[in-house]
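Engineer:
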Ligand SMILES: [Zn+2]
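Residue numbers (my numbering): 369 to 712.
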């Protein structure tokens, strides 16, 4: 089968690899009907050390189940399924607590152990716990929005939940990528009164406003902090969604949180230490977040997509076949595209 492999920074290739197949009796194998490129895929695209074996890429997909192992009981061949970016058994202590990304039998797609989703097919460990069977057909017009349930919508929602967004709250979203834009959708869904999007790309800002952003801050650094305070009576916001992962974005996030506020971080951190630790302490700012348990959020978010209340699929502004994936990475890295959908 054909699959996307990254051999080093900037070196993405479509390779012939061994077919995805059942390994464990709890596995399923799916044909990938939709996949996409993630903002987090751009971190290795910038910095991956060169290797001869490379890394299979992609962790977001919708697909059709082709085959299931002997111990798979709730998922069956023919099901159209959402693949969350992490696999999980659905039965351990952490899965019961809704933290599927800490599953004791879990792990992440886009690794040499399980393969990546930017491919023709994918092996799904812990299929019963991992997969979510969709109640729609495979060519449904809602497919782009449904695909966001595998990562970016659930991740934006997790940022909002961990930042304690609620009715009447003031919110700022740091980062205008697909996750940040989905964070705007999530903040609005949860009843936020004021939603400030921090970004400077006109197309992304326009989409953020349509998703519910009430204010735009295009400045950076100290000027951005100043502007957010001006917009919030001098105090800063109750909730900050940190959707980037850089030292500078964390510094901004903690600086714009009001005393007693919270930062929900979902941008994959690129540093070991966290900036503005002292300021967070003296302002009683809660810093929370982490890999989103998107599997836990599908039940809550799916109805709003099916009823047309939210349209997170609008974050996809390019679509390509597998051959176009390397150029899709380039386009997202050059900020030509917000998010690229792949139809293998
Ligand atoms: Zn588990």
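Where a beta carbon is used, it is the ideal one built from N, C-alpha and C, also for glycine.
Assuming residue 397 and residue 430 are in contact, meaning their beta carbons sit under 8 Å apart, how far apart are those beta carbons, in whole angstroms?
Structural biologist: So it is not a contact: roughly 15 Å between Cβ atoms.
Engineer: Mapping DSSP to helix, strand and coil, what is residue 486?
Structural biologist: In the structure shown, residue 486 sits in coil (DSSP, three-state: anything other than H, G, I, E or B).
Engineer: Would you say the beta carbon of residue 657 comes nearer than 7 Å to a heavy atom of ligand 1?
Structural biologist: No heavy atom of ligand 1 is found nearer than 7 Å to the CB of residue 657.
Engineer: Assuming residue 393 and residue 439 form a contact by the criterion Cβ under 8 Å, report the distance between their Cβ atoms to the nearest whole angstrom.
Structural biologist: 4 Å
Engineer: In angstroms, rounded to a whole number, what distance separates the CA positions of residue 546 and residue 391?
Structural biologist: Each residue's Cα considered, the two are about 34 Å apart.
Engineer: How many Å lie between residue 558 and residue 419 at the Cα?
Structural biologist: 44 Å
Engineer: Where does the unbroken beta strand (DSSP E) through residue 379 begin, and where does it stop?
Structural biologist: 379 to 384
Engineer: Taking buried to mean at least 16 other C-beta atoms within 10 Å of its own C-beta, is residue 507 buried or exposed?
Structural biologist: Flag for residue 507 reads exposed.
Engineer: Classify residue 647: buried if its beta carbon has 16 or more other beta carbons within 10 angstroms, exposed otherwise.
Structural biologist: exposed
Engineer: Looking at residue 712 and residue 377, is the spacing between their C-beta atoms short of 8 Å?
Structural biologist: no
Engineer: Please list, in chain order, all residues of the same chain as residue 686 whose beta carbon is under 6 Å from its beta carbon, the five residues on each side excluded.
Structural biologist: 705 and 708
Engineer: Can you round the beta-carbon distance between residue 609 and residue 551 to whole angstroms, since I take them to be within the 8 Å contact cut?
Structural biologist: 4 Å
Engineer: Verify whether the separation of the beta carbon atoms of residue 671 and residue 520 is less than 8 Å.
Structural biologist: no
Engineer: Suppose contacts are defined by Cβ-Cβ distances below 8 Å. Is residue 604 in contact with residue 626 by that definition?
Structural biologist: yes
Engineer: Report whether the distance from the Cβ of residue 474 to the nearest heavy atom of ligand 1 is below 7 Å.
Structural biologist: Yes, the Cβ of residue 474 comes within 7 Å of a heavy atom of ligand 1.
Engineer: Given 7 Å as the limit, tell me if residue 462 has its C-beta closer than that to any heavy atom belonging to ligand 1.
Structural biologist: yes
Engineer: Output the distance between the C-alpha atoms of residue 600 and residue 683, rounded to the nearest integer angstrom.
Structural biologist: 28 Å
Engineer: Which whole runs of the alpha helix (DSSP H) in the region 471 to 535 are 4 residues long or more, in chain order?
Structural biologist: Listed in chain order, they are 495 to 498, 511 to 515 and 520 to 530.
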